[in-house]
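Q: This is the structure I have questions about; it appears just below.
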């Protein structure tokens, strides 16, 4: 399968997921301080429906990442290919992360937080340290992505003795067992429910081990492997087994969404439906890629730009957005004006970060000889938010700490 195949559906899903995450967080921003709030203290009460619900955007990002990374990793194995894969991922992820981390550092320093502590948070963020807190509350998802990248790089390094298919099964089945245990604990009556055990199982190390979100990465990988099987008659049995795995991991993904959304059942169900619609759109977009490409031919550059800017939006809407919302309210602007201006400022910053990011990437890529194989142009996000814990006031110990 050629690595330079571009799926426009991924661009639409990326921006949709990024906007879900943005609305999820904007729904919790306070107006009186750079913090999160509830009830009458929130800045944008009309966004209350997105609080918690919009976190499903990160699960969409994780599936996209599973598909795109499997696509870019397919081919020959060995040390040189593993190094090339690592370089591609670093070039894709790190420039925007570093630029956005600098923005968050500057914004929080101007807000009045302690610089020495922020500097440590910044260093942990730009190095994707497995231990927080981070300079921005969304960085945790990139750390999880990095763990996934390491596993895929190990598969490439082994010359696929550990195949992508086997890796997807290991990640998916391990995550499924974890989710079955966790969901079983949640289903116990409140009087006998072991809240302490649930709390322990919900800590960040279980995310780092890809136990909580592994089914999403596995689902994306199986999407690619099913697509890559083609229609060859001899592969139909293997194709059917992968389709069963896709159904299993997809089902367990809905379980994770259902237990992680900490709101009423209508919100849980809505989040599951949104995710399923995105998965259907992904499957359709992959299958009918040529049809979509033909109909979007004149707008090809615009569609790719929309997909590309989703990553900077994801990185810059949280800490920067939270401080901007507080600042605009402190200037006396009414709520509708604050909302529009804050969105525009986040968008403008994201466009600037994307502009600088591309130049850094071009400079880095220009320093390496072009390989014979074509590069992946999907630009897999790894990123993306999800069900992270809500931080306290800026400067508090929980800022940027993972759930």
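In my numbering, the protein residues as written are 1 to 403.
Positions of the beta carbon are idealized from the N, C-alpha and C atoms, including for glycine.
#1: Should residue 380 go down as buried or exposed, given a rule of 16 or more other Cβ atoms within 10 Å for buried?
#2: Where DSSP assigns a beta bridge to residue 36, which residues make up the other side?
#3: For residue 171 and residue 217, which I take to be in contact (beta-carbon distance under 8 angstroms), what is that distance rounded to the nearest angstrom?
#4: Tell me, please, whether the segment 273 to 293 touches the segment 94 to 113 by the rule of three or more beta-carbon pairs shorter than 8 angstroms.
#5: Within a Cβ cutoff of 6 angstroms, which residues of the same chain sit near residue 360, ignoring the five residues on either side of it in sequence?
#6: Tell me whether residue 113 is buried or exposed, calling it buried when 16 or more other Cβ atoms sit within 10 Å of its Cβ.
#7: Would you call the CB atoms of residue 345 and residue 324 closer than 7 angstroms?
#8: How big is the Cα-Cα spacing for residue 299 and residue 21?
#9: Tell me the DSSP bridge mates of residue 42?
#10: Is the CB-CB distance between residue 29 and residue 43 below 7 angstroms?
#11: Taking contact to mean 3 or more Cβ pairs, one atom from each stretch, closer than 8 angstroms, check whether the segment 288 to 308 and the segment 8 to 18 are in contact.
#12: In angstroms with no decimal places, state the Cα-to-Cα distance between residue 233 and residue 358.
#13: How about residue 128 and residue 147: do their beta carbons lie closer than 7 angstroms?
#14: Which same chain residues, not among the five before or five after residue 103, have their C-beta less than 8 angstroms away from its C-beta?
#15: May I ask which residues mark the beginning and end of the alpha helix (DSSP H) holding residue 84?
#16: Buried or exposed: where does residue 400 fall if 16 or more other Cβ atoms within 10 Å of its Cβ makes it buried?
#17: Is residue 188 helix, strand or coil by DSSP?
#18: So residue 47 packs on residue 26, CB below 8 angstroms; how close in whole Å?
#19: Does the Cβ of residue 295 have 16 or more other Cβ atoms within 10 Å, making it buried, or fewer, making it exposed?
#20: Is residue 179 closer than 7 angstroms to residue 256 when the C-beta atoms are compared?
#21: Which of the three DSSP states, helix, strand or coil, is assigned to residue 127?
#22: Excluding the 5 residues flanking residue 183 on each side, which residues of the same chain have their C-beta closer than 7 angstroms to its C-beta?
#23: In three-state terms, what does DSSP make of residue 76?
#24: Are residue 154 and residue 85 close, meaning C-beta to C-beta below 7 angstroms?
#25: Go to residue 205, then tell me how far its alpha helix (DSSP H) extends in each direction, as first and last residue.
#26: Using only the alpha-carbon positions, how far apart do residue 71 and residue 138 sit?
#27: Identify which residue in 135, 6, 274, 227 has its Cα closest to the Cα of residue 99.
#28: What does the Cβ neighbour count give for residue 355, buried or exposed, with the cut at 16 atoms within 10 Å?
A: Based on what the coordinates show:
#1: One-based indexing of the chain shown puts residue 380 at position 380. Confidence at residue 380 is low in this model, with a pLDDT of 43, below 50, so the placement of that residue should be treated as unreliable; the coordinate-derived value is given next. Looking at its Cβ environment, which holds 16 or more other Cβ atoms inside 10 Å, residue 380 is buried.
#2: Taking the first residue of the chain shown as 1, we reach residue 36 at position 36. The partner list for residue 36 (beta bridge, DSSP) reads 29.
#3: Reading the chain shown from its first residue, position 171 is the one you call residue 171. Reading the chain shown from its first residue, position 217 is the one you call residue 217. With a contact defined as Cβ atoms closer than 8 angstroms, residue 171 and residue 217 qualify at about 6 angstroms.
#4: At 8 angstroms Cβ cutoff, the stretches do not touch.
#5: To locate residue 360, count along the chain shown from 1; it is residue 360. Answer for residue 360: 95, listed in chain order.
#6: Here residue 113 refers to the residue found at position 113 when the chain shown is read from its first residue. So residue 113 ends up on the buried side.
#7: Counting from one through the chain shown, the residue named residue 345 turns up at place 345. Counting from one through the chain shown, the residue named residue 324 turns up at place 324. In this structure, residue 324 lies closer than 7 angstroms to residue 345 by Cβ.
#8: Taking the chain shown and counting its residues from 1, one reaches residue 299 at position 299. Taking the chain shown and counting its residues from 1, one reaches residue 21 at position 21. Rounded to the nearest angstrom, the two C-alpha atoms are 25 angstroms apart.
#9: If you number the chain shown from 1, residue 42 lands on position 42. In the DSSP output, where bridge partners are listed per residue, residue 42 has 30.
#10: Your numbering for residue 29 matches position 29 in the chain shown. Your numbering for residue 43 matches position 43 in the chain shown. Cβ atoms of residue 29 and residue 43: closer than 7 angstroms.
#11: yes
#12: Position 233 of the chain shown, counted from the first residue, corresponds to residue 233. Position 358 of the chain shown, counted from the first residue, corresponds to residue 358. Summary for residue 233: the model assigns pLDDT 48, below 50, so the residue's position carries little reliability, and this model does not support an answer.
#13: Along the chain shown, read from residue 1 onward, the residue named residue 128 stands at position 128. Along the chain shown, read from residue 1 onward, the residue named residue 147 stands at position 147. No, they are not a contact pair.
#14: Along the chain shown, one-based indexing puts residue 103 at 103. Hits under 8 angstroms: 316, 320, 349, 353.
#15: If you number the chain shown from 1, residue 84 lands on position 84. Residues 79 to 111.
#16: Working through the chain shown from its first residue, we reach residue 400 at position 400. For residue 400, the predicted structure reports a pLDDT of 43, less than 50, and the residue's modelled location is therefore unreliable. A value from the coordinates is still provided. By the 10 Å Cβ count, residue 400 comes out buried.
#17: In the chain shown, the residue the question calls residue 188 occupies position 188. The answer is coil: DSSP assigns residue 188 none of H, G, I, E or B.
#18: The residue given as residue 47 occupies position 47 in the chain shown. The residue given as residue 26 occupies position 26 in the chain shown. Confirmed, Cβ separation roughly 6 angstroms.
#19: Within the chain shown, numbered from 1, the residue matching residue 295 stands at position 295. It counts as exposed.
#20: Residue numbering aside, residue 256 sits at position 256 when the chain shown is read from its first letter. Residue numbering aside, residue 179 sits at position 179 when the chain shown is read from its first letter. Cβ atoms of residue 256 and residue 179: closer than 7 angstroms.
#21: Position 127 of the chain shown, counted from the start, is the residue given in the question as residue 127. Note: residue 127 maps to coil in three-state DSSP.
#22: Against the chain shown, residue 183 aligns to sequence position 183. Answer for residue 183: 255, 259, listed in chain order.
#23: The residue labelled residue 76 in the question sits at position 76 within the chain shown. Here residue 76 sits in coil by DSSP.
#24: The sequence position of residue 154 within the chain shown is 154, counting from 1. The sequence position of residue 85 within the chain shown is 85, counting from 1. Cβ distance not < 7 angstroms, so residue 154 and residue 85 don't count as in contact.
#25: Here residue 205 refers to the residue found at position 205 of the chain shown. Segment 204 to 208, the alpha helix (DSSP H) holding residue 205.
#26: Indexing the chain shown from 1 puts residue 71 at position 71. Indexing the chain shown from 1 puts residue 138 at position 138. Cα to Cα, the separation comes out at about 25 angstroms.
#27: One-based indexing of the chain shown puts residue 99 at position 99. Checking every option, the nearest Cα to that of residue 99 belongs to 135.
#28: Residue 355 sits at position 355 when you count from the first residue of the chain shown. Flag for residue 355 reads exposed.
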